[in-house]
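Novice: Everything in the sequence shown is counted per the UniProt record's numbering, starting at 1 for the first residue and increasing by one.
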Amino acid sequence: MPISNKIHGLITRSSWIRKMFEEGLIYKKKYGPENVYDFTLGNPNVPPPSEFGDALLEVAAQSIPGKHGYMPNAGYPETREAIAAYLTAKFHIPLTADHIIMTCGAAGALNVTMKTILDPGDEVIIPTPYFVEYEFYVDNAGGISRLVPTKEDFNLDLEAIRSAFTEKTRAVLINSPNNPTGRVYDEETIRGLAAIIEEKGRLYNRAVYLVSDEPYSDIVYDGIKVPFIMECCKNSIIAFSYSKCLSVPGERIGYLALHPELADLQDVLSGMIFCNRILGYINAPALMQRVISHIQGVHVNVEEYKRKRDLLCEGLSACGYSFAKPEGTFYLFVRSPIADDVTYVRALQLRRVLTTPGIGFGGPGYFRIAYCVDDAAITNAMPGFADTLKEYQN
Ligand code: PLP
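Right, dumping it as structure tokens:
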């Protein structure tokens with residue numbers, strides 16, 4: 001085989017999201033795009049805020065020597081300063097540019113983190129359901145993922161996490177607001193998790209990090225507060241991305257923020273800056289670094305996603321589906337009326353409603369709806385959702 005057995009195996013069991021998306025393309029060709037209701041990909045459809053376009057034009061027009069050249073691998077100092085100043089003003093942690101590393105989105109940030117902190121065989125605890133790429137990121141660094149189910153309501157099961165620790169645990173990787181469940185972990189939960197991390201770090205006499213993947217932290221509803229991880233846990237690393245909050249996932253821009261009191265801070269920083277270089281990124285895109293340094297705190301109109309969430313939740317409730325209303329993100333994780341979520345997703349597909357089975361997120365018995373779509377797609381998909389449920393209830 002021309003590719004490695006390992007990659008062949010990973011491709012085979014990898015992405016249900018991609019699989020459903022690609023099948024959707026075939027459907028769209030056959031039935032016309034307006035007749036296929038595609039809820040597979042988390043590709044934001046709310047337009048970027050006008051401030052993004054304005055900053056882009058301004059930066060593009062600037063004449064700066066070396067504008068398109070190589071830069072320090074951690075990113076432009078002024079961009080990192082702008083982010084540190086924004087975070088410090090908003091929260092109670094004194095961050096400086098030295099605690100920030102610019103990355104190619106959250107995916108880049110997480111790969112850099114795993115490559116930096118994991119020795120082969122080190123373990124990362126990941127609550128499920130989860131963004132399934134995590135397993136590949138951990139594997140890229142030679143680590144092992146320890147998957148730990150969340151509770152029935154998708155909140156962290158702290159006792160299960162405590163039990164999953166071993167002397168090889170190096171990190172706990174969380175994602176709140178969560179893809180695929182839309183759950184936001186509250187401050188008490190994060191503090192509880194931080195206490196476990198500290199306790200286990202002492203027990204095994206090694207640094208254990210809380211890695212918080214936060215691409216959706218600005219997309220929350222109903223006044224819900226996303227706790228600032230650094231206020232709860234000293235050994236915390238934040239992986240942030242502008243992909244979703246500015247609707248620019250193709251531009252590949254994000255950052256890592258490290259707690260000023262992180263264990264072995266200088267070593268971890270040096271490791272991350274090095275890994276940003278050797279994983280193939282070299283540095284985060286120059287143009288985007290300049291753009292985002294002008295628009296800290298700006299994000300898409302979250303009310304638009306809220307409207308879509310409400311439209312979807314009201315429609316599905318009326319049909320008789322059961323789910324926990326998302327507190328953030330643009331995903332809804334719905335209980336499948338039959339245990340076999342793949343069969344159910346296939347049945348929806350026959351009605352041109354494309355979703356992703358829960359097994360694709362380590363959450364069997366559910367399916368995910370990405371509602372970053374036109375309102376019309378939500379409304380027009382409802383008969384398909386209703387008829388499929390009726391078929392399986394009888
Ligand atoms: N983490 C989660 C939970 C995601 O949902 C995604 C993308 O959908 C990513 C990370 C990757 O984000 P980015 O495209 O900014 O690298």
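Backbone N, C-alpha and C fix where the C-beta goes; we use that ideal spot for every residue, glycine too.
Could you pull out every unbroken beta strand (DSSP E) segment of at least 3 residues lying fully inside the segment 164-238, listed in chain order?
Specialist: For the segment 164-238, whole beta strand (DSSP E) runs of length 3 or above, ordered along the chain, are 169-175 and 209-213.
Novice: Grab me the residues of N73's own chain with a C-beta within less than 6 angstroms of its C-beta, minus the 5 sequence neighbours each way, in chain order.
Specialist: Your numbering for residue 73 matches position 73 in the sequence shown. Closer than 6 angstroms at Cβ, skipping near neighbours: I273, N276, R277 and N283.
Novice: Measure from the alpha carbon of Y362 to the alpha carbon of each residue in A376, C313, F333 and G42, then state which is nearest.
Specialist: Residue 362 sits at position 362 when you count from the first residue of the sequence shown. Note on residue identity: the sequence assigns Gly, not Tyr, to residue 362. Selected option, being the one with the closest Cα: F333.
Novice: Assuming the contact rule is C-beta atoms closer than 8 angstroms, N111 and N140 should be a hit. Round their C-beta distance to whole Å, please.
Specialist: Start at 1 with the first residue of the sequence shown, and residue 111 comes out as number 111. Start at 1 with the first residue of the sequence shown, and residue 140 comes out as number 140. That pair is a contact at about 6 angstroms.
Novice: CB-CB under 8 angstroms to L10, same chain, minus the five flanking residues each way: which ones, in chain order?
Specialist: What you label residue 10 is simply residue 10 of the sequence shown in a count that begins at 1. Closer than 8 angstroms at the Cβ level, and outside the excluded window around L10, lie F136 and D139.
Novice: According to DSSP, is S50 part of a helix, a strand, or is it coil?
Specialist: Position 50 of the sequence shown, counting from 1, holds the residue named residue 50. Looking at S50 - three-state DSSP - the assignment turns out to be helix.
Novice: Going by the CB atoms, is the gap between I197 and C233 shorter than 8 angstroms?
Specialist: Residue mapping note: residue 233 aligns to position 233 of the sequence shown, counting from 1. Residue mapping note: residue 197 aligns to position 197 of the sequence shown, counting from 1. In this structure, I197 lies closer than 8 angstroms to C233 by Cβ.
Novice: Tell me which residues share the same chain as E214 and place their Cβ nearer than 7 angstroms to its Cβ, disregarding the 5 neighbours each side in the sequence.
Specialist: Within the sequence shown, numbered from 1, the residue matching residue 214 stands at position 214. Within the same chain, E214 has close Cβ partners I238, A239 and F240.
Novice: Name the two residues that bound the continuous alpha helix (DSSP H) containing F21.
Specialist: Here the question's residue 21 lines up with position 21 in the sequence shown. Run containing F21: W16 to Y31, per the alpha helix (DSSP H) assignment.
Novice: For L354, count neighbouring Cβ atoms within 10 angstroms of its own Cβ and tell me buried if that reaches 16, exposed if not.
Specialist: For the purposes of this step, residue 354 is identified with residue 354 of the sequence shown, where counting begins at 1. By the 10 Å Cβ count, L354 comes out buried.
Novice: Please report the straight-line C-alpha distance between M102 and F323, rounded to a whole angstrom.
Specialist: On the sequence shown, position 102 is the one that residue 102 refers to. On the sequence shown, position 323 is the one that residue 323 refers to. Their Cα atoms are separated by approximately 36 angstroms.
Novice: Quick check: T189 and L147, are their CB atoms within less than 8 angstroms of each other?
Specialist: Looking up residue 189 in the sequence shown gives position 189. Looking up residue 147 in the sequence shown gives position 147. No. Outside cutoff.
Novice: Look at the alpha carbon of E199 and the alpha carbon of S336, and state the distance between them as a whole number of angstroms.
Specialist: Within the sequence shown, numbered from 1, the residue matching residue 199 stands at position 199. Within the sequence shown, numbered from 1, the residue matching residue 336 stands at position 336. Those two C-alpha atoms are separated by around 38 angstroms.
Novice: CB of A106 to nearest heavy atom of the ligand PLP: below 7 angstroms?
Specialist: Walking along the sequence shown from the start, residue 106 turns up at place 106. Within the cutoff, so yes.
Novice: E391: which of N380, V184 and V345 sits nearest, CA to CA?
Specialist: As a first step, residue 391 is located in the sequence shown; it is residue number 391 there, counting from the start. Nearest option by C-alpha distance: V345.
Novice: Among the residues of its own chain, which have a CB less than 8 angstroms from the CB of A106, if the five just before and after it don't count?
Specialist: Indexing the sequence shown from 1 puts residue 106 at position 106. Correct list, in chain order: D213, E214, P215, A239, F240, S241, S243 and G254.
Novice: Quick one: grab the DSSP three-state call for L95.
Specialist: Residue numbering aside, residue 95 sits at position 95 when the sequence shown is read from its first letter. Coil.
Novice: Quick test of the definition: if touching needs 3 or more C-beta pairs under 8 angstroms, does the segment 28-38 touch the segment 284-298?
Specialist: Verdict: no, contact absent.
Novice: What separation, rounded to the nearest whole angstrom, lies between the Cα atoms of T169 and E123?
Specialist: If you number the sequence shown from 1, residue 169 lands on position 169. If you number the sequence shown from 1, residue 123 lands on position 123. The straight-line gap from Cα to Cα measures roughly 4 angstroms.
Novice: DSSP beta-bridge partners for L265?
Specialist: By one-based count along the sequence shown, residue 265 stands at place 265. According to DSSP, L265 bridges with nothing at all.
Novice: Helix, strand or coil for V138 per DSSP?
Specialist: Taking the sequence shown and counting its residues from 1, the one referred to as residue 138 is at position 138. DSSP places V138 in helix when its eight states are reduced to three.
Novice: Taking 7 angstroms as the line, does the beta carbon of N35 fall inside it for any heavy atom of the ligand PLP?
Specialist: By one-based count along the sequence shown, residue 35 stands at place 35. No, the ligand PLP has no heavy atom inside 7 angstroms of this Cβ.
Novice: Is it buried or exposed, T79, if we count other Cβ atoms within 10 angstroms and call 16 or more buried?
Specialist: For the purposes of this step, residue 79 is taken as the residue at position 79 of the sequence shown. The residue in question, T79, is buried, as its Cβ has 16 or more Cβ neighbours within 10 Å.
Novice: Work out the CA separation of S247 and Y305 for me, nearest whole Å.
Specialist: Numbered from its first residue, the sequence shown carries residue 305 at position 305. Numbered from its first residue, the sequence shown carries residue 247 at position 247. Cα to Cα, the separation comes out at about 12 angstroms.
Novice: Spell out a yes or no on whether the segment 259-273 and the segment 12-25 are touching, meaning 3 or more CB-CB pairs, one atom from each, closer than 8 angstroms.
Specialist: Cβ pair count under 8 angstroms is below three, so no.
Novice: Would you list the residues sitting across from I126 in a DSSP beta bridge?
Specialist: Counted from its first residue, the sequence shown places residue 126 at position 126. Beta-bridge pairing links I126 to L147.
Novice: How many Å lie between Q296 and R191 at the Cα?
Specialist: On the sequence shown, position 296 is the one that residue 296 refers to. On the sequence shown, position 191 is the one that residue 191 refers to. Approximately 27 angstroms, taken between the alpha carbons.
Novice: Helix, strand or coil, according to DSSP, for residue 404 in the structure here?
Specialist: In the structure as shown, the chain begins at 1 and stops at 394. Residue 404 is therefore absent and cannot be evaluated.
Novice: Taking the C-alpha atoms as reference points, what is the distance between I17 and F39?
Specialist: Counted from its first residue, the sequence shown places residue 17 at position 17. Counted from its first residue, the sequence shown places residue 39 at position 39. Going by the C-alpha atoms only, they are around 10 angstroms apart.
Novice: At a threshold of 7 angstroms, does F131 count as lining the ligand PLP (C-beta to nearest heavy atom)?
Specialist: The sequence position of residue 131 within the sequence shown is 131, counting from 1. Yes, the beta carbon of F131 sits closer than 7 angstroms to at least one heavy atom of the ligand PLP.
Novice: Please report the Cβ distance between F154 and N179, rounded to the nearest whole angstrom; I am assuming they are in contact, meaning their Cβ atoms lie under 8 angstroms.
Specialist: For the purposes of this step, residue 154 is identified with residue 154 of the sequence shown, where counting begins at 1. For the purposes of this step, residue 179 is identified with residue 179 of the sequence shown, where counting begins at 1. Going by Cβ atoms, the distance from F154 to N179 rounds to 11 angstroms, so no, they are not a contact pair.
Novice: What ranges does the beta strand (DSSP E) occupy inside the segment 55-109, keeping only unbroken runs of at least 3 residues that lie completely in it?
Specialist: Taking only runs of at least 3 residues, the beta strand (DSSP E) segments lying wholly in the segment 55-109 are 100-103.
Novice: Where does the unbroken alpha helix (DSSP H) through G315 begin, and where does it stop?
Specialist: Position 315 of the sequence shown, counted from the start, is the residue given in the question as residue 315. Residues V302 to C319.
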